[in-house]
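For reference, the structure is listed below as structure tokens.
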Amino acid sequence: MAHGLCKPVDGQHMTVLIRGRRAKVLSVSLEHTTVDLDGMEGVSPGDQVTLLGLDGDEEITLSSIANAWGIQPLEALMRLSGRFSMQSMETPLTHENSPY
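And the structure:
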């Protein structure tokens, strides 16, 4: 949405990489993305989440993102705005500490 992520089209899903493992994206809202961490032992607040690229032996390609969104890869690349930042759940996001 505002950060460039879109909801997948019907029948598709998105994943992210955390500690070299795939985690399913459950929802995308204007400023937040919710990820299913079931079975992802050892994941901690502050861990890097890879939206595009390599993490260990796993990779998320621009083509896979574009396919989930139902668009062409170039359009997917242009939608990614660069507004991504790391936020720890130990420190809830507020108006005072928001990077936006």
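The working numbering puts the first residue of the sequence shown at -12, with every later residue one more than the last. Where is the CB? At the ideal position from N, CA and C, for every residue including glycine.
- Cβ atoms of G7 and G43 come within 8 Å of each other, at about 3 Å.
- Straight through space, the alpha carbons of Q35 and M1 are spaced by roughly 17 Å.
- Inclusion of L13 and I47 in the CB contact set at 8 Å is not warranted, their separation being larger than that value.
- The alpha-carbon separation between D23 and I58 amounts to approximately 24 Å.
- L38 and W56 have their alpha carbons spaced roughly 14 Å apart.
- S14 sits in a strand when the DSSP states are folded into three classes.
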